[in-house]
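Worksheet for the structure shown next.
Protein chains: 2
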Amino acid sequence: MVPEEYTNTTAALVVIGNEILSGKVTDSNSGFLARELRKAGVSLERISVIVDDIATIATEVAECAGAYDIVFTSGGVGPTHDDVTIEGVAQAFGRPVVEHPGLRLAIEKAVEDTPRSPLLKMAEVPEGAELISSGDAHFPSVKIENVYVLPGIPQIFETKVESLCQRFMTSPYHLRQVLVSVNESSIASHLNATLAAFPALLLGSYPKIGNDEYRVRLTLESKDERYLDSALEDLVGRIPGDHVVKIER
Amino acid sequence: MVPEEYTNTTAALVVIGNEILSGKVTDSNSGFLARELRKAGVSLERISVIVDDIATIATEVAECAGAYDIVFTSGGVGPTHDDVTIEGVAQAFGRPVVEHPGLRLAIEKAVEDTPRSPLLKMAEVPEGAELISSGDAHFPSVKIENVYVLPGIPQIFETKVESLCQRFMTSPYHLRQVLVSVNESSIASHLNATLAAFPALLLGSYPKIGNDEYRVRLTLESKDERYLDSALEDLVGRIPGDHVVKIER
Numbered sequence: 001m002v003p004e005e006y007t008n009t010t011a012a013l014v015v016i017g018n019e020i021l022s023g024k025v026t027d028s029n030s031g032f033l034a035r036e037l038r039k040a041g042v043s044l045e046r047i048s049v050i051v052d053d054i055a056t057i058a059t060e061v062a063e064c065a066g067a068y069d070i071v072f073t074s075g076g077v078g079p080t081h082d083d084v085t086i087e088g089v090a091q092a093f094g095r096p097v098v099e100h101p102g103l104r105l106a107i108e109k110a111v112e113d114t115p116r117s118p119l120l121k122m123a124e125v126p127e128g129a130e131l132i133s134s135g136d137a138h139f140p141s142v143k144i145e146n147v148y149v150l151p152g153i154p155q156i157f158e159t160k161v162e163s164l165c166q167r168f169m170t171s172p173y174h175l176r177q178v179l180v181s182v183n184e185s186s187i188a189s190h191l192n193a194t195l196a197a198f199p200a201l202l203l204g205s206y207p208k209i210g211n212d213e214y215r216v217r218l219t220l221e222s223k224d225e226r227y228l229d230s231a232l233e234d235l236v237g238r239i240p241g242d243h244v245v246k247i248e249r
Numbered sequence: 250m251v252p253e254e255y256t257n258t259t260a261a262l263v264v265i266g267n268e269i270l271s272g273k274v275t276d277s278n279s280g281f282l283a284r285e286l287r288k289a290g291v292s293l294e295r296i297s298v299i300v301d302d303i304a305t306i307a308t309e310v311a312e313c314a315g316a317y318d319i320v321f322t323s324g325g326v327g328p329t330h331d332d333v334t335i336e337g338v339a340q341a342f343g344r345p346v347v348e349h350p351g352l353r354l355a356i357e358k359a360v361e362d363t364p365r366s367p368l369l370k371m372a373e374v375p376e377g378a379e380l381i382s383s384g385d386a387h388f389p390s391v392k393i394e395n396v397y398v399l400p401g402i403p404q405i406f407e408t409k410v411e412s413l414c415q416r417f418m419t420s421p422y423h424l425r426q427v428l429v430s431v432n433e434s435s436i437a438s439h440l441n442a443t444l445a446a447f448p449a450l451l452l453g454s455y456p457k458i459g460n461d462e463y464r465v466r467l468t469l470e471s472k473d474e475r476y477l478d479s480a481l482e483d484l485v486g487r488i489p490g491d492h493v494v495k496i497e498r
């Protein structure tokens with residue numbers, strides 16, 4: 001069976017985060033973006049957490065911008081010494097950092113005064129960057145080429161991601177799940193057989209330790225719902241009935 | 250002031266995880282490893298979350314193995330079709346995948362029978378790999394060159410990491426924290442001044458939204474405790490006293 005063709009938009013996230021690498025802060029932005037992109041039908045294919053270093057950011061962003069349709073960065077956009085994301089992203093595209101008049105205006109409006117010079121650092125963008133308004137009172141997001149530069153503070157990151165993801169909305173993934181009561185090794189051959197018949201199926205197998213209800217969770221996904229349900233029927237037909245705990249549609 | 254020289258061991262983590270990228274599972278292994286390595290005095294410099302794909306794993310592992318002292322992988326080591334980490338790591342080093350007699354023995358012992366063929370997949374290693382016993386009843390870890398291949402199931406990952414980190418224990422990082430009641434832009438120049446005097450200081454500045462106690466948390470770190478305390482004294486001397494909420498030593 002051949003699945004329908006659907007748009008496949010790919011994405012990557014670059015987290016600029018010494019605080020995450022050193023274990024001081026738990027990263028929640030990655031998980032949030034992963035879930036929102038999935039809902040939008042976008043395939044997140046890489047998350048990189050890297051140090052607050054201009055050259056490292058430049059290399060990573062350049063590689064991701066070339067390899068994926070959309071790139072997000074998280075963190076490193078405040079007014080202090082460790083906020084070097086804008087400079088790194090500019091370097092990735094070989095552009096200078098310039099002050100954006102629209103951002104300067106937004107800052108002046110926010111502080112209702114002539115801002116202190118460290119705050120003006122937040123008006124800097126890679127030359128040629130666009131501003132994306134989030135449709136709320138927040139500071140706009142900076143976009144350069146296919147890269148969206150987002151702040152690391154979870155509350156702001158999440159608001160911006162929710163707003164941006166509406167732009168990327170494409171045909172969604174459909175998900176079915178099968179919980180089984182036996183070990184992975186008992187079902188591996190069934191999974192292989194179903195994949196041979198449905199090679200475009202996204203099939204995951206996740207063992208769970210210390211769970212009374214089931215031992216392995218199987219996830220089946222496709223953008224083509226008919227193809228997905230045929231694959232589900234095929235797989236469930238192969239697994240002995242008393243090994244299936246639950247089917248979630 | 251010049252800090253003492255301490256050993257600086259660097260590390261990277263490669264998470265093989267479609268389930269994390271698609272938002273179905275929240276990754277807790279990265280945070281756990283980050284905290285354990287920090288305690289051990291090891292500097293985690295990169296986390297990459299990538300898809301369950303042999304070529305992608307091979308490229309990432311090869312790059313990390315060349316750039317960092319220690320590399321960990323998480324996930325993709327079970328008996329099913331989506332478990333391709335061993336093959337990816339083998340390809341990273343240009344080695345074939347072979348059955349390891351010690352692992353086969355461990356599997357036979359665990360199942361108390363002749364194991365089914367899918368389970369025997371878990372006896373496969375890149376040629377020349379070593380087995381590292383975790384000092385408990387668990388399955389040993391596979392090590393090849395400077396790469397430690399760990400399973401993705403959090404309970405097992407954590408047990409193995411705790412055991413492995415004892416091998417890497419080096420001079421620890423010391424941490425001091427200063428909580429301040431003002432915005433980042435008000436203290437940015439003080440941070441820059443302290444960094445000019447203490448360039449080897451690891452200094453982080455993390456704004457917090459919606460917190461009544463403080464607005465920014467400053468983290469100061471060094472392996473040299475004397476250097477660290479001099480830097481702390483320098484910084485606290487620059488920030489007006491009524492802006493300092495708390496100093497954590």
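Same order as they appear, the protein sequences are chains A and B. By my numbering, the letter at position 36 of the first sequence is numbered 36, and the numbering carries on one by one without gaps. By my numbering, the letter at position 139 of the second sequence is numbered 388, and the numbering carries on one by one without gaps. Cβ atoms here follow ideal geometry from the backbone N, Cα and C, with glycine treated the same way.
Integer-rounded CB distance, given that residue j should sit under 8 Å from residue i
{"i": "PRO403/B", "j": "MET371/B", "result": "Contact flag wrong, Cβ pair sits at about 18 Å."}
{"i": "THR59/A", "j": "ILE16/A", "result": "Their Cβ separation, rounded to whole angstroms, is 12 Å, which puts THR59/A and ILE16/A out of contact at 8 Å."}
{"i": "PRO400/B", "j": "VAL326/B", "result": "5 Å"}
{"i": "CYS64/A", "j": "VAL14/A", "result": "6 Å"}
{"i": "GLU99/A", "j": "GLU124/A", "result": "6 Å"}
{"i": "HIS423/B", "j": "LEU477/B", "result": "5 Å"}
{"i": "THR303/B", "j": "GLU336/B", "result": "First, the residue type needs correcting, since residue 303/B is Ile and not Thr in the sequence shown. With a Cβ gap of about 5 Å, ILE303/B and GLU336/B count as contacting."}
Status (buried if at least 16 other CB within 10 Å, exposed otherwise) for residue i
{"i": "ASP415/B", "result": "The sequence shown places Gln at residue 415/B, rather than the Asp named in the question. Looking at its Cβ environment, which holds fewer than 16 other Cβ atoms inside 10 Å, GLN415/B is exposed."}
{"i": "VAL360/B", "result": "exposed"}
{"i": "ILE458/B", "result": "exposed"}
{"i": "ALA204/A", "result": "Sequence check: residue 204/A is Gly here, not Ala. Buried, by the Cβ-count rule."}
{"i": "ARG464/B", "result": "buried"}
{"i": "ARG226/A", "result": "exposed"}
{"i": "SER141/A", "result": "buried"}
{"i": "GLU5/A", "result": "exposed"}
{"i": "THR468/B", "result": "buried"}
{"i": "ARG217/A", "result": "buried"}
{"i": "THR194/A", "result": "buried"}
{"i": "LYS409/B", "result": "buried"}
{"i": "ASP52/A", "result": "buried"}
{"i": "LYS472/B", "result": "buried"}
{"i": "PRO101/A", "result": "exposed"}
{"i": "GLY324/B", "result": "buried"}
{"i": "THR256/B", "result": "exposed"}
{"i": "ASP331/B", "result": "buried"}
For residue i, the first and last residue of its enclosing alpha helix (DSSP H)
{"i": "LYS409/B", "result": "403 to 417"}
{"i": "ALA350/B", "result": "The identity of residue 350/B in the sequence shown is Pro, whereas the question assumes Ala. Here the alpha helix (DSSP H) through PRO350/B covers 350 to 360."}
{"i": "ILE57/A", "result": "54 to 67"}
{"i": "ILE443/B", "result": "The question names Ile, but residue 443/B is Thr in the sequence shown. Counting along the chain, the alpha helix (DSSP H) containing THR443/B begins and ends at 433 to 446."}
{"i": "LEU368/B", "result": "366 to 369"}
{"i": "ARG238/A", "result": "225 to 238"}
{"i": "GLU268/B", "result": "267 to 270"}
7 Å Cβ cut-off: residues of chain A touching residue i
{"i": "LYS273/B", "result": "THR219"}
{"i": "ASN441/B", "result": "HIS81"}
{"i": "ILE269/B", "result": "ALA34"}
{"i": "LEU444/B", "result": "HIS81"}
Chain B residues whose Cβ lies nearer than 9 Å to that of residue i
{"i": "ASP69/A", "result": "Within 9 Å Cβ-Cβ: nothing; ASP69/A doesn't reach chain B, min ~15 Å."}
{"i": "ARG116/A", "result": "SER434, SER435, ALA437 and SER438"}
Start and end residues, beta strand (DSSP E) containing residue i
{"i": "GLY280/B", "result": "Taken as a continuous stretch (DSSP letters only), GLY280/B belongs to no beta strand (DSSP E), being part of the alpha helix (DSSP H) at 278 to 289."}
{"i": "GLU373/B", "result": "373 to 375"}
{"i": "GLU379/B", "result": "379 to 381"}
{"i": "GLY453/B", "result": "451 to 456"}
{"i": "GLU87/A", "result": "First-last for GLU87/A: 85 to 92, but that is the alpha helix (DSSP H), not the beta strand (DSSP E)."}
{"i": "VAL77/A", "result": "Premise fails: VAL77/A is in no beta strand (DSSP E) and is neither H nor E."}
{"i": "ARG176/A", "result": "174 to 180"}
{"i": "LYS143/A", "result": "141 to 144"}
{"i": "SER292/B", "result": "292 to 299"}
{"i": "LYS246/A", "result": "244 to 248"}
{"i": "TYR397/B", "result": "396 to 399"}
{"i": "VAL216/A", "result": "216 to 222"}
Interface residues of chain B facing residue i [CB-CB closer than 7 Å]
{"i": "VAL149/A", "result": "None at all; the shortest Cβ gap to chain B is about 17 Å."}
{"i": "ILE239/A", "result": "What ILE239/A touches in chain B: nothing, since even the nearest Cβ is about 13 Å away."}
{"i": "LEU119/A", "result": "SER434"}
{"i": "PRO101/A", "result": "Going along chain B, no residue has its Cβ under 7 Å from PRO101/A, so there is no contact; the nearest lies around 19 Å."}
Residue i: contacting residues in chain A (beta-carbon distance under 8 Å)
{"i": "GLU294/B", "result": "LEU21, ILE50 and VAL51"}
{"i": "LEU380/B", "result": "In chain order: nothing, as chain A lies at least about 20 Å away."}
{"i": "ILE458/B", "result": "ILE153, GLN155 and ILE156"}
Problem set entry | Given 8 Å, three or more beta-carbon pairs between the segment 224 to 244 of chain A and the segment 297 to 308 of chain B | no
For this session: Specify whether the segment 21 to 41 of chain A and the segment 57 to 68 of chain A touch according to this definition: at least 3 beta carbon pairs, one from each stretch, less than 8 Å apart.
Result: no
Exercise. Hey, is the segment 85 to 99 of chain A in contact with the segment 439 to 454 of chain B, meaning 3+ C-beta pairs nearer than 8 Å?
Worked result: no
Exercise. Is the segment 363 to 370 of chain B in contact with the segment 174 to 189 of chain A, if contact means three or more CB pairs nearer than 8 Å?
Worked result: yes
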